[in-house]
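In what follows, a structure is listed as structure tokens, so that the remarks can point back to it.
Number of protein chains: 2
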Amino acid sequence: MISRVLAADLRRHVGEQVRIAGWLHRRRELKSVTFLIVRDRSGLAQAVWHGPAEPALPEESVIEVTGTVVASAEAPGGAELHDPLVTALSGPAAPPPFDLYRPSLTAGLPTILDGAPTTLRHPVLKAGFEIAAASVAGFRAAMDGLGFTEVHTPKIVPSATESGANVFGLDYFGHPAYLAQSPQFYKQALVGVFERVFEVGPVFRAEPHDTARHLAQYTSLDAEFGFISSYRDVMAILREAIAGMTALAAERAQAAMTLLSVKAPIVPGEIPALHFADAQELIARHTDTDPRGEPDLSPGHERWLGDWALREHGSDFLFVTGYPMAKRPFYTHPDPARPGYSNSFDLIFRGQELVTGGQRLHRHADYLAALAERGEDPRSYAGYLQVFEHGMPPHGGFAIGLERWTARLTGAANVRQVALFPRDLHRLSP
Amino acid sequence: MISRVLAADLRRHVGEQVRIAGWLHRRRELKSVTFLIVRDRSGLAQAVWHGPAEPALPEESVIEVTGTVVASAEAPGGAELHDPLVTALSGPAAPPPFDLYRPSLTAGLPTILDGAPTTLRHPVLKAGFEIAAASVAGFRAAMDGLGFTEVHTPKIVPSATESGANVFGLDYFGHPAYLAQSPQFYKQALVGVFERVFEVGPVFRAEPHDTARHLAQYTSLDAEFGFISSYRDVMAILREAIAGMTALAAERAQAAMTLLSVKAPIVPGEIPALHFADAQELIARHTDTDPRGEPDLSPGHERWLGDWALREHGSDFLFVTGYPMAKRPFYTHPDPARPGYSNSFDLIFRGQELVTGGQRLHRHADYLAALAERGEDPRSYAGYLQVFEHGMPPHGGFAIGLERWTARLTGAANVRQVALFPRDLHRLSP
Numbered sequence: 015m016i017s018r019v020l021a022a023d024l025r026r027h028v029g030e031q032v033r034i035a036g037w038l039h040r041r042r043e044l045k046s047v048t049f050l051i052v053r054d055r056s057g058l059a060q061a062v063w064h065g066p067a068e069p070a071l072p073e074e075s076v077i078e079v080t081g082t083v084v085a086s087a088e089a090p091g092g093a094e095l096h097d098p099l100v101t102a103l104s105g106p107a108a109p110p111p112f113d114l115y116r117p118s119l120t121a122g123l124p125t126i127l128d129g130a131p132t133t134l135r136h137p138v139l140k141a142g143f144e145i146a147a148a149s150v151a152g153f154r155a156a157m158d159g160l161g162f163t164e165v166h167t168p169k170i171v172p173s174a175t176e177s178g179a180n181v182f183g184l185d186y187f188g189h190p191a192y193l194a195q196s197p198q199f200y201k202q203a204l205v206g207v208f209e210r211v212f213e214v215g216p217v218f219r220a221e222p223h224d225t226a227r228h229l230a231q232y233t234s235l236d237a238e239f240g241f242i243s244s245y246r247d248v249m250a251i252l253r254e255a256i257a258g259m260t261a262l263a264a265e266r267a268q269a270a271m272t273l274l275s276v277k278a279p280i281v282p283g284e285i286p287a288l289h290f291a292d293a294q295e296l297i298a299r300h301t302d303t304d305p306r307g308e309p310d311l312s313p314g315h316e317r318w319l320g321d322w323a324l325r326e327h328g329s330d331f332l333f334v335t336g337y338p339m340a341k342r343p344f345y346t347h348p349d350p351a352r353p354g355y356s357n358s359f360d361l362i363f364r365g366q367e368l369v370t371g372g373q374r375l376h377r378h379a380d381y382l383a384a385l386a387e388r389g390e391d392p393r394s395y396a397g398y399l400q401v402f403e404h405g406m407p408p409h410g411g412f413a414i415g416l417e418r419w420t421a422r423l424t425g426a427a428n429v430r431q432v433a434l435f436p437r438d439l440h441r442l443s444p
Numbered sequence: 015m016i017s018r019v020l021a022a023d024l025r026r027h028v029g030e031q032v033r034i035a036g037w038l039h040r041r042r043e044l045k046s047v048t049f050l051i052v053r054d055r056s057g058l059a060q061a062v063w064h065g066p067a068e069p070a071l072p073e074e075s076v077i078e079v080t081g082t083v084v085a086s087a088e089a090p091g092g093a094e095l096h097d098p099l100v101t102a103l104s105g106p107a108a109p110p111p112f113d114l115y116r117p118s119l120t121a122g123l124p125t126i127l128d129g130a131p132t133t134l135r136h137p138v139l140k141a142g143f144e145i146a147a148a149s150v151a152g153f154r155a156a157m158d159g160l161g162f163t164e165v166h167t168p169k170i171v172p173s174a175t176e177s178g179a180n181v182f183g184l185d186y187f188g189h190p191a192y193l194a195q196s197p198q199f200y201k202q203a204l205v206g207v208f209e210r211v212f213e214v215g216p217v218f219r220a221e222p223h224d225t226a227r228h229l230a231q232y233t234s235l236d237a238e239f240g241f242i243s244s245y246r247d248v249m250a251i252l253r254e255a256i257a258g259m260t261a262l263a264a265e266r267a268q269a270a271m272t273l274l275s276v277k278a279p280i281v282p283g284e285i286p287a288l289h290f291a292d293a294q295e296l297i298a299r300h301t302d303t304d305p306r307g308e309p310d311l312s313p314g315h316e317r318w319l320g321d322w323a324l325r326e327h328g329s330d331f332l333f334v335t336g337y338p339m340a341k342r343p344f345y346t347h348p349d350p351a352r353p354g355y356s357n358s359f360d361l362i363f364r365g366q367e368l369v370t371g372g373q374r375l376h377r378h379a380d381y382l383a384a385l386a387e388r389g390e391d392p393r394s395y396a397g398y399l400q401v402f403e404h405g406m407p408p409h410g411g412f413a414i415g416l417e418r419w420t421a422r423l424t425g426a427a428n429v430r431q432v433a434l435f436p437r438d439l440h441r442l443s444p
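Heads up: the protein sequence lines correspond to chains A and B, in order.
Letter by letter, the first sequence follows residues 15 to 444 of my numbering.
Letter by letter, the second sequence follows residues 15 to 444 of my numbering.
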């Protein structure tokens with residue numbers, strides 16, 4: 015059998031007899047000419063002949079086409095197959111619920127998500143995931159280059175990580191257990207082992223919020239590392255991670271970026287940073303709202319700050335530093351110079367919180383004090399606290415939400431569009 | 015402040031004043047000389063001075079040492095720090111429960127696992143995870159090179175994937191749900207989208223078996239791809255994955271491989287393969303057991319076959335093909351030429367099953383027939399079956415168990431030694 019050629023490579027085979035294989039993306043029958051467009055993992059290829067479509071397969075049927083490659087300026091990729099022999103590889107497909115060959119799917123999001131196994135085949139929907147995959151590769155490349163070790167930590171845990179609420183419970187061989195809301199405790203413990211660690215994995219939040227930015231399972235790009243001199247070191251490493259993600263998305267997912275008209279963000283050598291209190295001042299001065307005294311930024315304020323960063327610094331990214339301790343978890347390192355504020359930050363990407371990070375406590379006594387202040391029982395954290403008795407360096411880290419990254423990058427209005435088979439309050443399938 | 019130098023780079027700074035930072039691995043006080051061994055992510059470095067240890071910090075304390083680098087044949091890495099100034103970065107550590115500086119930990123496995131946040135710091139324990147991380151990078155590099163797209167699929171699913179038993183149930187916003195036992199259904203559906211996909215992620219098995227090779231959560235390296243002409247194409251891609259893992263383990267985790275005296279396996283260009291029935295014949299002929307007629311291989315038989323492959327083919331790997339359909343899941347493609355047998359395989363690595371894979375059914379009608387034969391209700395698989403109505407190519411894939419790979423490679427007797435914070439029938443923490 016002639017070996018298979020991918021659609022994208024067709025024009026390198028002009029004059030040759032080749033075989034392509036893929037899904038019948040589109041069948042067009044004109045008066046005396048038939049066009050078949052075949053979709054494979056590399057893109058689209060066209061076969062043309064004089065006469066009717068025979069066999070008359072429905073779209074999405076899986077076919078093989080053997081024919082002679084002829085250069086053609088009108089064909090996708092600049093070449094097409096003539097005198098093709100078409101073979102069905104697995105019988106005629108049931109007609110798909112949507113015309114996947116149209117430039118976009120007009121159905122509403124719930125319908126698209128219900129039909130995900132088929133609708134994801136649409137080149138525009140698929141493109142977001144190609145960008146996501148390239149971004150994750152870029153994250154790992156950056157971490158590898160900085161001496162981080164990749165780890166895989168437990169997703170079934172004996173107690174809630176981030177807070178008692180929003181956690182999924184399960185029956186673990188007759189004992190109560192929970193799905194990990196983050197690898198926080200483990201990645202900190204592993205700083206004691208590897209000094210620099212990262213993890214790409216699922217995290218679980220029993221989010222009661224039905225919003226466009228929350229999922230019950232999402233992919234978290236986590237990093238944690240020791241021997242920092244301040245939380246600014248964490249911001250510097252995060253900047254490298256973001257630069258790596260941007261670079262590989264542009265390089266590996268170039269066709270997908272072009273299809274979605276994505277403008278790769280510019281990652282400044284130093285991303286502009288604004289203290290939380292200064293950000294609130296700025297908003298109070300320039301808008302008709304006054305957020306001063308509030309412990310967090312609203313989505314509207316994040317949008318305003320995103321616009322400000324672009325206008326004033328030409329940056330798609332903005333660090334907001336020093337978030338109030340009141341809204342940060344107990345392991346957050348306070349700012350010793352500024353009571354009530356912390357050595358932590360958020361990274362805002364095009365007006366939306368993308369990353370949370372910062373310096374953590376590293377002294378055992380500080381953990382005991384922090385838990386006491388919140389009225390929490392240190393015995394609930396015994397296994398975790400043990401790590402800090404046996405020598406932990408000043409350290410910090412961050413967590414990037416992959417779906418938020420992809421949504422912001424591609425302009426998707428809802429994170430569900432960039433999650434494969436999303437999980438939320440109302441959705442457990444497909 | 016002088017910028018930090020890693021232990022492994024010390025000898026490149028002979029004559030210079032440098033700063034190192036890490037954990038106090040070992041303090042040795044001789045009559046008039048003190049040695050401090052500092053452990054950082056790159057290895058060990060030694061500081062020496064005349065006089066008593068001052069400050070007299072316990073081992074595992076986190077310290078910074080500034081001093082002059084002097085070449086020394088006896089020092090780890092060939093250089094040491096003289097006239098050092100030692101600073102504690104986070105106060106004295108509580109003495110660790112084990113002497114982490116000794117060549118090996120003599121405690122039993124349960125004790126080691128209970129103390130994992132500290133015991134994992136031991137260079138010998140840590141080394142296995144460095145090899146695992148490098149292997150995963152090798153897997154991804156191989157997949158990337160072959161045009162696979164990385165995906166992240168749901169771990170919370172509406173029904174059991176592989177069988178009704180051995181599944182963890184959870185309460186999903188008031189609805190029953192399960193932890194995914196594998197990404198099988200999703201990776202098959204995504205063949206329809208990306209043609210070639212891979213995933214590195216956790217899978218969950220409520221294993222009632224308390225053995226040295228079962229875990230309740232493990233890391234699965236999954237791949238699935240379309241347009242195969244036979245299951246042999248799946249074996250060929252798996253061979254590339256294994257070769258990639260082996261190559262990067264040897265390259266990136268060289269020090270860890272040396273520390274554990276790991277001999278990198280030789281991956282033949284074509285891994286030897288034996289049909290299941292022929293494997294049983296061979297065992298019957300050459301041992302005093304007769305497994306013919308049994309639907310599976312026992313661990314003892316796998317060991318025997320592993321030895322046979324090494325002896326007869328000089329290979330650490332052996333494919334056993336054609337496993338009986340009786341023991342394979344319903345989506346397995348039968349061997350049309352040999353009733354009762356399948357187009358699936360196991361890969362045995364040094365005498366233990368490491369990978370299961372094969373060709374899957376790809377026609378909708380075949381799925382309906384397979385489920386009917388097993389007395390299963392197709393309505394339980396409605397979301398999954400829908401994929402096969404809308405055009406799926408002949409396809410197949412495999413799943414590599416990361417912990418089994420690392421255990422076999424490093425000679426660990428128990429997979430728990432190569433899982434970070436393992437989960438099993440009796441263990442939910444740390």
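Heads up, the beta-carbon is just placed ideally off N, CA and C, and yes, glycines get one too.
When you compare only the Cα positions, how much space is there between residue i and residue j?
i: M339(A); j: Q373(A); result: 12 Å
i: A454(A); j: P110(A); result: This structure gives no information on residue 454(A), because the portion of chain A shown stretches from 15 to 444.
i: A67(A); j: R393(B); result: 35 Å
i: A396(B); j: H327(B); result: 45 Å
i: P83(B); j: G129(B); result: It should be pointed out that residue 83(B) corresponds to Val in this sequence rather than to Pro. Rounded to whole angstroms, V83(B) to G129(B) spans 35 Å at the Cα level.
i: A146(A); j: E265(A); result: 12 Å
i: L332(B); j: R246(A); result: 51 Å
i: L375(B); j: Y355(A); result: 59 Å
i: L235(B); j: T260(A); result: 26 Å
i: L252(A); j: F412(A); result: 7 Å
i: A351(A); j: N357(A); result: 10 Å
i: F212(A); j: I34(B); result: 23 Å
i: P282(A); j: A379(B); result: 55 Å
i: Q31(A); j: A237(A); result: 50 Å
i: R135(B); j: F208(A); result: 8 Å
i: V181(A); j: A174(A); result: 7 Å
In chain order, what residues of the same chain lie with their CB nearer than 6 Å to the CB of residue i, ignoring the 5 residues before and after it?
i: L99(A); result: T80
i: T303(A); result: none
i: A203(A); result: V401
Residues in the same chain with beta-carbon distance under 8 Å from residue i, minus the five sequence neighbours each way, listed in chain order, please.
i: D23(A); result: S56
i: I170(A); result: L184, Y186, A191, Y192, L193, A194
i: P168(A); result: A194, Y200
i: H10(B); result: With chain B running from 15 to 444 in the structure shown, residue 10(B) is simply not present.
Since residue i meets chain D, which of its residues come closer than 7 Å, beta carbon to beta carbon?
i: M406(A); result: Structure shown: chain D not included; protein chains present are A and B.
If you count every other CB in all the chains shown that lies within 10 Å of the CB of residue i, and 16 or more means buried, which is it?
i: K140(A); result: buried
i: E316(A); result: buried
i: Q198(A); result: buried
i: E390(A); result: exposed
i: R364(B); result: buried
Report the CB separation of residue i from residue j in whole angstroms; it is logged as a contact under 8 Å.
i: D54(B); j: L20(B); result: 6 Å
i: E73(A); j: H39(A); result: 7 Å
i: P222(A); j: L439(A); result: 7 Å
i: V369(B); j: L361(B); result: 4 Å
Given residue i, which residues of its chain have a CB within under 7 Å of its CB, disregarding the five upstream and five downstream residues?
i: A427(B); result: A226
Got a sec: which bits of the segment 106-118 of chain A sit with their beta carbon under 7 Å from any beta carbon on chain B, in order along the chain?
-> A107, A108, P110
When you check each C-beta in the segment 365-396 of chain A against every C-beta of chain B, which residues fall closer than 7 Å?
-> H376, R377
Quick one: which residues of the segment 41-55 of chain B get their C-beta closer than 7 Å to a C-beta of chain A? List them in chain order.
-> D54, R55
Contacting positions in the segment 159-190 of chain B - beta carbon closer than 7 Å to chain A | Per Cβ criterion, the list reads G161, T163, E164, V165, H166, T167, P168, K169, I170, P172, F182, G183, L184, D185, Y186, F187, H189.
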